[in-house]
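Student: Can you read through this structure? Questions will come right after.
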Amino acid sequence: MIPAQFDYLAPTTVEEALAALGQHGDDAKILAGGQSLLPVLRMRLNAPEVVIDLGRIESLRGIRDDGDAIVIGAMTQHSVVEHDPLVAEHAALISKAVEHLADHQIRHRGTFGGALAHADPAGDLGAPALALGAQFVIQGPGGSRTVAADDFFVDLFETAIGEDEILTEVRVPKHTGWGACYEKFVRVAHQWPIVAVAATVRVEGGTIAEAKIGLTNMGSTPLRARAVESALVGQPATEDAVRAAAAQAADGTNPPSDLNGEAAYRKHLATVLVRRAVLNASGA
Amino acid sequence: MTLTEDEMTQAAPDATKEIGKDRRRKEDQRLITGRTRWTDNITLPGMLHLAMVRSPFAHATITNIDKSAAEASPNVVRVITGADVAEEQGGLPNAWPITPDQVTPNHPPIAVDRVVFAGEIVAVIVARTPAEARDAAELVDIDYDELPAALDLKEAAEDKVLAHPDLGTNKSAFWKFDSAEAGTGGNVDEAIAKARGDGIVIEREYRQQRLIPAFMEPRSTVVDPTGEQITMWSATQIPHILKFLLAAVTGVSESKIRVIAPDVGGGFGGKLQTTPEEFITFLVARKLGKPVKYTETRSESLMAAHHGRDQWQKLTLAAEKDGTVTGFKVELLADLGSHVSLVGGGVPVLGAFMFNSIYKFPAYQFSVQTVLTNKTWTDAYRGAGRPEATYAIERIMDELAAEVGVDPLVIREQNWITHEEFPFTSVAGLEYDSGNYEAATARAKELFGYDELRAEQKRRRESGDQVQLGIGVSTFTEMCGLAPSRVLGSLDYGAGGWEHASVRMLPTGKVEVLTGTSAHGQGHETAFSQIVADRLGVAFEDVEVLHGDTMVSHKGLDTYGSRSLVVGGEAIVKAADKVIEKAKPIAAHLLEASVDDIEFEAGRFSVKGTDQGLAMAEIALATFAAHNLPDGVEPSLDSDATFDPVNFNYPHGTHLCAMEVDTETGQVKMRKYAACDDIGNIINPLIVSGQVHGGLVQGIAQALWEEAVHDDAGTLVTGSFVDYLLPTSADTISFDLDHTTSPSTTNTLGTKGVGEAGTIASTPAVVNAVVDAVRHLGVNDVRMPCTPERVWKAINDARGGAQAETVGAAAPHFDESTGMDGTVDRTTGGTDS
Ligand SMILES: Cc1cc2nc3c(=O)[nH]c(=O)nc-3n(C[C@H](O)[C@H](O)[C@H](O)COP(=O)(O)OP(=O)(O)OC[C@H]3O[C@@H](n4cnc5c(N)ncnc54)[C@H](O)[C@@H]3O)c2cc1C
Numbered sequence: 001m002i003p004a005q006f007d008y009l010a011p012t013t014v015e016e017a018l019a020a021l022g023q024h025g026d027d028a029k030i031l032a033g034g035q036s037l038l039p040v041l042r043m044r045l046n047a048p049e050v051v052i053d054l055g056r057i058e059s060l061r062g063i064r065d066d067g068d069a070i071v072i073g074a075m076t077q078h079s080v081v082e083h084d085p086l087v088a089e090h091a092a093l094i095s096k097a098v099e100h101l102a103d104h105q106i107r108h109r110g111t112f113g114g115a116l117a118h119a120d121p122a123g124d125l126g127a128p129a130l131a132l133g134a135q136f137v138i139q140g141p142g143g144s145r146t147v148a149a150d151d152f153f154v155d156l157f158e159t160a161i162g163e164d165e166i167l168t169e170v171r172v173p174k175h176t177g178w179g180a181c182y183e184k185f186v187r188v189a190h191q192w193p194i195v196a197v198a199a200t201v202r203v204e205g206g207t208i209a210e211a212k213i214g215l216t217n218m219g220s221t222p223l224r225a226r227a228v229e230s231a232l233v234g235q236p237a238t239e240d241a242v243r244a245a246a247a248q249a250a251d252g253t254n255p256p257s258d259l260n261g262e263a264a265y266r267k268h269l270a271t272v273l274v275r276r277a278v279l280n281a282s283g284a
Numbered sequence: 001m002t003l004t005e006d007e008m009t010q011a012a013p014d015a016t017k018e019i020g021k022d023r024r025r026k027e028d029q030r031l032i033t034g035r036t037r038w039t040d041n042i043t044l045p046g047m048l049h050l051a052m053v054r055s056p057f058a059h060a061t062i063t064n065i066d067k068s069a070a071e072a073s074p075n076v077v078r079v080i081t082g083a084d085v086a087e088e089q090g091g092l093p094n095a096w097p098i099t100p101d102q103v104t105p106n107h108p109p110i111a112v113d114r115v116v117f118a119g120e121i122v123a124v125i126v127a128r129t130p131a132e133a134r135d136a137a138e139l140v141d142i143d144y145d146e147l148p149a150a151l152d153l154k155e156a157a158e159d160k161v162l163a164h165p166d167l168g169t170n171k172s173a174f175w176k177f178d179s180a181e182a183g184t185g186g187n188v189d190e191a192i193a194k195a196r197g198d199g200i201v202i203e204r205e206y207r208q209q210r211l212i213p214a215f216m217e218p219r220s221t222v223v224d225p226t227g228e229q230i231t232m233w234s235a236t237q238i239p240h241i242l243k244f245l246l247a248a249v250t251g252v253s254e255s256k257i258r259v260i261a262p263d264v265g266g267g268f269g270g271k272l273q274t275t276p277e278e279f280i281t282f283l284v285a286r287k288l289g290k291p292v293k294y295t296e297t298r299s300e301s302l303m304a305a306h307h308g309r310d311q312w313q314k315l316t317l318a319a320e321k322d323g324t325v326t327g328f329k330v331e332l333l334a335d336l337g338s339h340v341s342l343v344g345g346g347v348p349v350l351g352a353f354m355f356n357s358i359y360k361f362p363a364y365q366f367s368v369q370t371v372l373t374n375k376t377w378t379d380a381y382r383g384a385g386r387p388e389a390t391y392a393i394e395r396i397m398d399e400l401a402a403e404v405g406v407d408p409l410v411i412r413e414q415n416w417i418t419h420e421e422f423p424f425t426s427v428a429g430l431e432y433d434s435g436n437y438e439a440a441t442a443r444a445k446e447l448f449g450y451d452e453l454r455a456e457q458k459r460r461r462e463s464g465d466q467v468q469l470g471i472g473v474s475t476f477t478e479m480c481g482l483a484p485s486r487v488l489g490s491l492d493y494g495a496g497g498w499e500h501a502s503v504r505m506l507p508t509g510k511v512e513v514l515t516g517t518s519a520h521g522q523g524h525e526t527a528f529s530q531i532v533a534d535r536l537g538v539a540f541e542d543v544e545v546l547h548g549d550t551m552v553s554h555k556g557l558d559t560y561g562s563r564s565l566v567v568g569g570e571a572i573v574k575a576a577d578k579v580i581e582k583a584k585p586i587a588a589h590l591l592e593a594s595v596d597d598i599e600f601e602a603g604r605f606s607v608k609g610t611d612q613g614l615a616m617a618e619i620a621l622a623t624f625a626a627h628n629l630p631d632g633v634e635p636s637l638d639s640d641a642t643f644d645p646v647n648f649n650y651p652h653g654t655h656l657c658a659m660e661v662d663t664e665t666g667q668v669k670m671r672k673y674a675a676c677d678d679i680g681n682i683i684n685p686l687i688v689s690g691q692v693h694g695g696l697v698q699g700i701a702q703a704l705w706e707e708a709v710h711d712d713a714g715t716l717v718t719g720s721f722v723d724y725l726l727p728t729s730a731d732t733i734s735f736d737l738d739h740t741t742s743p744s745t746t747n748t749l750g751t752k753g754v755g756e757a758g759t760i761a762s763t764p765a766v767v768n769a770v771v772d773a774v775r776h777l778g779v780n781d782v783r784m785p786c787t788p789e790r791v792w793k794a795i796n797d798a799r800g801g802a803q804a805e806t807v808g809a810a811a812p813h814f815d816e817s818t819g820m821d822g823t824v825d826r827t828t829g830g831t832d833s
C-alpha cells in the first residue's frame, strides 16, 4: 500500500533531529530502520506529516566498551549487534535474542534502538534489556537523561521517551561469564514470539549464584520473573531445583489471548520455557 | 531442496533425448533477473489508476455514499459507485451450476445497495496516479446499516441468519452421488447397518479450514481501450476463459477483445477466476476511453481474492471386523462464501469421485450441501476438492487401523486395488488406467526407514519420553488432467476440457510452439520445448513456446487441474506429428523417392535403405521458398491440433511422515518425510522435483500453519502475513523422494499430472503423524492447523480437562502509540468454525 504523503527530513546530527522534532511536534515521526514504522504508514494506521530519518546520524551507530558497561548506539542494526564480539562476551543474552529476531533482511535494516523504542510487547529485545538492567540514554531539548530499564517500558507500544526526545544509546552492564539463553516459542521461524524467555545465570561451582529472567509477550510490557530469580539463588543447577523455581514463572503476568494461544496456555508455556532457558543458561 | 541420491542415480536417461533431462528452466533467466514484465510493470501513455473502497462490514445496507470530498481530491478523474453503473456493470459469471436449481446470488462487481462480505468493493476511485487514487479512497464517506451476518458454516446451513435475505435461504445446491443409484456399487446405508451389527463403524467429523491461496504476485489488471481491440493484461491463470467471459458479460464482441497474461507470479487456483477488479477495470477503461490500471495490495489480496477449502466433513466408514471396508458415506457442508464464483460450487464435486481413493469399497455415497455465508467467496485452491477427499479418507483409514489394531499400511493393503487389477473401475465410476500401489509403498517404506522409526516410536512410548514420535501414512491418488469434455458436460460444467496447440516451422529451422495452456510458474516453456525437440529432432534451444496472449495462441482452456502437460502437452505432440506428416511428401519430392519410402528419425527424413536424406530445417526452408513443391501441396508445414482426453489420469503415491510432538508444550516438529510418487513418465525431473517440493510444503502448511480466521463481526483477522502464517524454507526439512513409473494410458507420452499431487498427499500424512504420536495418550484427532496450543489441549482433554477455544487477532505488531485506529481487539472470542 501507499502511505499518505509526508515530508522527509534527514538530519546529520542529533541536535538537528531534536530541533526538527521540536518544530513539528505531534506531526512528526522518527524513522530508524523503518521495519515497524513503514508498515504502519503503508497500512495508513498513522499519517505523520513529517518523517525524521535518523539514518544519517553517524554518532548513533556502533557499539563500544565503556568500563563496566557496553554501549549500543540506537541506530545500530540488529545484524551488527548479532555478530558483535563485545556483545557476545559481555551481554550474551542479547546476542542470543537478536539471532532469532525476524529474518536476515529485517535484521539488516531494523535497529536496536528502534525495536526498543517501538516497545512491542512481543519484541525480542525488551526482555533481555530488562533482565540485564539496561540504562536508556534519552536526549531532549534540555539535554540527556538516563532511564533504568524498569522505568523505560510503560505500556503497549509506550516508553519513557517523550514526544520531543530521541533514544540515543543503551548502556548494558557487563555480565561477563554469565550463561545465557533465549527461548523463543514460535510456530514458524519468522514469527514474533508467542512467548519467549530471556535468562542469564551466573553459576558458581554447580550452584546458581545469580539469575536474571525476562519474559516476552507475557503482559503489555516485558516483565521480570523476580519470584523465580530469587527462588533460584543458592539452588543447584539441576532439573528438579529449576523446575520447582520455574513453577512461579507466570506469577503476576497478564498475557494476551489471540490466534496463537490463550492466556492460560501462555502461562503454561512460561513455566516450561523458564525452566528450559535457565537450565540451558546454567549449562546443565 | 536437495534431490535424494536415488533420484540422481535413477536409470540414466537416453542422452540423445531431451525428455528425461534435468533441464534448468529457460524462463528462469528472465524471471530471476527481473528482465520481464509483470502486469503491474506495464505503463501506457495517459494511463489512469484505480483504488478500491471496500466494505469494512460483512453484511450491511449501504444507506448513503458521499463522494464529494474524494471527487475534489487532487487529480481524481472520477469516483464510481455501484449505483452509478448498476445497469451496465453486469454480473460475475458462475460457470458451473452444479444442479439445475442451484441458488446463485447476483454478483455485481461493485456492490449496489448491500454489501455481503468484508472487503467487497463499494466505490472505485479513478485518478492520475496510484497514490492520489489511494488518498481519495480514504475520503469517500459511506453510511452503512449493519445487518446480522451469516458467518458460521453450520449455522448458516440452518438458515438462522441469511447471507442474502432476498434469496430466503443460504442453501445453494445439494449434489449427491450414490453407488447403488449409479450402478457402480452397493447400498451404503445397508453396509453401515450391517456393520453396526457385526462389524466396525467409524464416524468422524473433520474440518477443512479456510485457506488463502496467497500467490506471490498480487493480482493486477491493465486495460487499454485505445486500439481496434480492447486489450486486457491480467495476472490470471485463464486468459482464454477470461476473454470469452468478458465478451459474454459485457456484450463486447469476442473478436474485439484481446487478453494477455504476461509473466504471472503464481496462482494455485487463486487466479482461476474472473474478478470484480477485472470487470471494473474493463468498464472504466471503456467509459473513459483511456488505459486504466489496477493493482491490489497484499492486504486486499488476502481479504478479497478468493479463498479455498472450508468444509465440514461428516464421514461414516463401515468395515468388517478384520478391517475390510464395506461402505463409505460422505456428507459435506461446503462454504461458498458470499457468492457462487466461477467454479466455486463445483470444487467439492471435483472431490466427489475421490473419497474412495485407491480402495475397493463395495458401496459409496457422497453428498454435498453448498452454503452461502457473509465471507470472502471460495473457489479452487491447489488440488480443488481432491485434497479434501484425500484428507478425509486417509485420516479415517488410520482411525480404522487403530480400531482394528493393525499397522495403517496393513489396513490399506488389505483394501487397495492390486496391481493386477488395473485398469479398474472404481465405486465412484472412474476407470483408473494404471497404478502400482504395492511398488510405491515398498519404495517409500525403504526411503523412510519405516521399521526403524516404528521401533523408535515404541521405545519412546515405553519410556514415557516427553517428546513422542508419530508416523503418518497417506496413500493418495487423484484424478487430474482436467478434463474429458463429455464428463464435464455430464457434470453441467459450462465448458469443455480439451486443449489446443500449434507448431510453426520457421524458414530457419526454428520452431514456434503455441499452447493454449497458460503458465504462471510451472515451467511450460522448458518442458514443452523438450517434447518438441525430441519429436521434431530439433535442438532444445531452437524451440520457442508462446502462450498467454489470445492474439498469439488464439485458442485454449488455460492452466489448472494438473492439465497442462497431460492435455496441452498431448495436443503439442499431435500438432508436431502433423508437421512431420506434412513434411514427408515434400521430402519425398525433393529426394525423388516415394512417400512410402520416407522414414523420419532424429530430425532427418531419409529414403529407406539409402544414406540419402534431408534435415527438418532443410525441408522447412524448401517449404518456405516453395520453389519446388509437389503439385497440390500447400507451402506450409504449420499444424494445429486440439486434444480432448477420453479419461482423467491418476497419479498416486505413498507418503510417509514422522512428526515429533513435545507433549509438554504441544510443539510439533517434522522429523522425516519420504514419498514415492507414481506420476507416469517424467519429461523433466528437475521441474517435477520443484512441483513436488512446493506442493508438499503447501499441504504441510494446511496441516500445521495456515488458516483464514474471521472474528465475530466477519472481519478477516488473518489479514496480513503476520497472522496468516506461510512457511518459509526455514520451517521445512529436506524431503526424501523417489518415483515409481506406471505410464498413463490416457495420453501417448504416458504422463500424469504432478502440479497438485504433493499438496493433496501431504496434509493427511502430517496430521496422521501428529495424531499417531499422541494416540496412546487418548487423542484421536487434532483440528487443522495443528497449532501447538491445539495439540497441547488435545493431550490435556484426553487427560480429562476440557478447555474452550477462542479466536482473536494476534498482537498488533504494527500498532502505534499515537494516531491509531483499526487495532484489533485481542480478547474477544468467537469463531467461524
Ligand atoms: C516481518 C517482520 C518480522 C519481525 N519480527 C520480529 C521479531 O520476531 N522480533 C522482534 O523483536 N521484532 C521483529 N520485527 C520488528 C523489528 O525488530 C524492527 O526492526 C523493530 O521493531 C523496529 O526497529 P526499526 O529500527 O525498524 O524502527 P522503526 O520502524 O523505524 O521505528 C519504530 C518506532 O520507534 C520509533 N523510534 C525509532 N527509533 C527511535 C529513537 N532512536 N528514538 C525515539 N523513537 C524511535 C519510531 O518513531 C517508530 O515509532 C519484525 C519486523 C517485521 C517487518
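Protein chains in written order, with the UniProt record's numbering: chain A, 1 to 284; chain B, 1 to 833.
Even glycine gets a Cβ: it sits at the ideal position worked out from N, Cα and C.
Give me the Cα-Cα distance between A:G252 and A:A198, rounded to the nearest whole angstrom.
Tutor: On the first sequence, residue 252 of chain A is found 252 positions in, with the first residue counted as 1. On the first sequence, residue 198 of chain A is found 198 positions in, with the first residue counted as 1. Rounded to whole angstroms, A:G252 to A:A198 spans 17 Å at the Cα level.
Student: Are the CB atoms of residue 285 of chain A and A:A225 nearer to each other than 8 Å?
Tutor: As displayed, chain A neither begins before 1 nor continues past 284, which places residue 285 of chain A out of reach and without an answer.
Student: State the start and end residues of the unbroken beta strand (DSSP E) segment that holds B:T33.
Tutor: Numbered from 1 along the second sequence, position 33 holds the residue referred to as residue 33 of chain B. Taken as a continuous stretch (DSSP letters only), B:T33 belongs to no beta strand (DSSP E), being part of the alpha helix (DSSP H) at D28 to T33.
Student: Quick check: the segment 697-715 of chain B against the segment 30-43 of chain B, are there 3 or more CB pairs under 8 Å?
Tutor: Too few Cβ pairs lie closer than 8 Å, so no.
Student: Could you tell me the distance, in whole angstroms, from the CA atom of A:L45 to the CA atom of B:A137?
Tutor: Sequence index remark: in the first sequence, residue 45 of chain A carries index 45 (1-based). Sequence index remark: in the second sequence, residue 137 of chain B carries index 137 (1-based). One C-alpha to the other measures close to 14 Å.
Student: Would you mind telling me which residues of chain A sit closer than 8 Å to B:L725, beta carbon to beta carbon, in chain order?
Tutor: Sequence index remark: in the second sequence, residue 725 of chain B carries index 725 (1-based). Per Cβ cutoff of 8 Å: R187, V188 and Q191.
Student: Relative to chain A, which residues along the segment 352-386 of chain B have a C-beta separation below 8 Å, given in chain order?
Tutor: Flagged: no residues at all.
Student: Check distances from the C-beta atoms of the segment 42-67 of chain B to those of chain A and list, in chain order, the residues that come in under 7 Å.
Tutor: Listed by position along the chain: nothing, the set is empty.
Student: What are the boundary residues of the alpha helix (DSSP H) that includes B:G758?
Tutor: Translated into the one-based positions of the second sequence, residue 758 of chain B becomes position 758. Run containing B:G758: A757 to V774, per the alpha helix (DSSP H) assignment.
Student: Quick one: is the Cβ of B:A214 within less than 7 Å of any heavy atom of ligand 1?
Tutor: Here residue 214 of chain B refers to the residue found at position 214 when the second sequence is read from its first residue. No, Cβ of B:A214 sits at least 7 Å from all heavy atoms of ligand 1.
Student: Go ahead and label A:Y8 buried or exposed: buried means 16 or more other beta carbons lie within 10 angstroms of its beta carbon, across all protein chains shown.
Tutor: Counting from one through the first sequence, the residue named residue 8 of chain A turns up at place 8. Exposed, since its Cβ has fewer than 16 Cβ neighbours within 10 Å.
Student: What's the gap between the Cα of A:A281 and the Cα of B:V766?
Tutor: One-based indexing of the first sequence puts residue 281 of chain A at position 281. One-based indexing of the second sequence puts residue 766 of chain B at position 766. The straight-line gap from Cα to Cα measures roughly 33 Å.
Student: Can you find a C-beta in chain B that's less than 8 Å from the C-beta of A:A277?
Tutor: As a first step, residue 277 of chain A must be located in the first sequence, where it is residue number 277. Taking Cβ atoms only, chain B never reaches closer than 8 Å to A:A277, which makes this a no.
Student: Tell me the DSSP secondary structure of A:P236 in three-state form.
Tutor: Indexing the first sequence from 1 puts residue 236 of chain A at position 236. Strand, per DSSP.
Student: State the DSSP-derived secondary structure class of A:L125, mapped to helix, strand or coil.
Tutor: Here residue 125 of chain A refers to the residue found at position 125 of the first sequence. Three-state result, A:L125: coil.
Student: Are any of the Cβ atoms in chain A nearer than 8 Å to that of B:P74?
Tutor: The residue labelled residue 74 of chain B in the question sits at position 74 within the second sequence. B:P74 does not count as touching chain A.
Student: With DSSP as the reference, please indicate the residues paired to A:M1 in a beta bridge.
Tutor: As a first step, residue 1 of chain A must be located in the first sequence, where it is residue number 1. Paired residue(s): none; A:M1 is not in a bridge.
Student: Shortest alpha-carbon distance to B:V115 belongs to which of B:L245, B:N374, B:G265 and B:F244?
Tutor: Your numbering for residue 115 of chain B matches position 115 in the second sequence. Out of B:L245, B:N374, B:G265 and B:F244, B:N374 has the C-alpha closest to the C-alpha of B:V115.
Student: Of all the CB atoms in chain B, is at least one closer than 8 Å to the CB of A:M218?
Tutor: The residue you call residue 218 of chain A lines up with position 218 of the first sequence. For A:M218, the answer is no, since every Cβ of chain B falls outside 8 Å of its Cβ.
Student: Which chain A residues are close to B:V717, counting only those with a beta carbon under 7 Å from its beta carbon?
Tutor: By 1-based counting over the second sequence, the position of residue 717 of chain B is 717. In chain order: L259.
Student: Which of helix, strand or coil does DSSP assign to B:L716?
Tutor: Translated into positions along the second sequence, residue 716 of chain B becomes position 716. Three-state result, B:L716: strand.
Student: Give the straight-line distance between the Cα atoms of B:K271 and B:P239, rounded to the nearest whole angstrom.
Tutor: Within the second sequence, the letter at position 271 stands for residue 271 of chain B. Within the second sequence, the letter at position 239 stands for residue 239 of chain B. Roughly 10 Å separates the two Cα atoms.
Student: Might you give, ordered along the chain, the residues of its own chain that have their beta carbon closer than 7 Å to the beta carbon of B:E228, omitting 5 neighbours on each side?
Tutor: The residue you call residue 228 of chain B lines up with position 228 of the second sequence. Contacts found: none.
Student: Within the 8 Å Cβ cut-off, does A:V272 reach chain B?
Tutor: For the purposes of this step, residue 272 of chain A is taken as the residue at position 272 of the first sequence. True, the Cβ-Cβ gap to chain B drops below 8 Å.
Student: Taking only beta-carbon positions, decide if A:A17 is within less than 8 Å of chain B.
Tutor: Here residue 17 of chain A corresponds to residue number 17 of the first sequence, with the count starting at 1. Chain B contact via Cβ: absent.
Student: By Cβ distance, which residues of its chain are closer than 7 Å to B:L725, with the 5 residues on each side in sequence left out?
Tutor: On the second sequence, position 725 is the one that residue 725 of chain B refers to. Excluding positions up to five away in sequence, the list reads W705 and E706.
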